[in-house]
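To start, the structure under review is shown below, and the notes come after it.
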Amino acid sequence: MLSKTCEYALRAMIYIAQQSRDGSMINIKEIAGKINSPELFIAKILQGLSKQGFLQSSKGRYGGFYISDDEAKHSLADIITAIDGDKMFAGCGLGLAFCSETNPCPIHNTYKEARDQLHEIYGKTTLSQFRTENSVQKLQLRRE
Numbered sequence: 025m026l027s028k029t030c031e032y033a034l035r036a037m038i039y040i041a042q043q044s045r046d047g048s049m050i051n052i053k054e055i056a057g058k059i060n061s062p063e064l065f066i067a068k069i070l071q072g073l074s075k076q077g078f079l080q081s082s083k084g085r086y087g088g089f090y091i092s093d094d095e096a097k098h099s100l101a102d103i104i105t106a107i108d109g110d111k112m113f114a115g116c117g118l119g120l121a122f123c124s125e126t127n128p129c130p131i132h133n134t135y136k137e138a139r140d141q142l143h144e145i146y147g148k149t150t151l152s153q154f155r156t157e158n159s160v161q162k163l164q165l166r167r168e
């Protein structure tokens, strides 16, 4: 349901939120290694999110990425929408362009219910929830 780009973005943002809670800049090599992502690919994703105001970046030898307390208020749904658009939360389960309440596809009602639940889960989950000491130790962010 999520694009590969979006999966990497979510994992990277959660990792940065965890690691930058003390004000540290997290370098791209560390991020890529911890989430098992190609370095250039995740750098491009994070630069795009930085331009949209989801995190801050700094270039140079001591550069990297940082998420402030204000930026940590963003929900995972905000990030998903920024990367993939609203298709996950508003699209048709069969990918039909004209599926709606008045013109439903065969799985419309069932899919709408599941889609709304996902939107609620991702919408209620903010990056700030991953800034606690307990979350840093318990979360697995590498896809293996």
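Residue numbers for the sequence shown follow our numbering, beginning at 25 and rising by one. Even glycine gets a Cβ: it sits at the ideal position worked out from N, Cα and C.
A buried status is given to residue 44, since no fewer than 16 other beta-carbon atoms sit within 10 Å of its beta-carbon. Residue environment analysis places residue 34 among the buried positions, since at least 16 neighbouring C-beta atoms fall within 10 angstroms of its C-beta.
It is roughly 55 Å from the alpha-carbon of residue 86 to the alpha-carbon of residue 127.
If you draw a 10 Å sphere on the C-beta of residue 100, you find 16 or more other C-beta atoms in it, and that means buried. For residue 90, the enclosing beta strand (DSSP E) has its first and last residue at 88–90. Among the bridge pairs identified by DSSP, residue 81 is matched with 89.
Take the alpha-carbon of residue 73 and the one of residue 66: they are about 11 Å apart. Sequence-distant partners of residue 81 (beyond 5 residues in either direction) whose C-beta falls short of 6 Å from its own C-beta, in its chain, are 74 and 89. By the neighbour-count criterion, in which 16 or more other beta carbons inside 10 Å mark a residue as buried, residue 141 falls on the exposed side.
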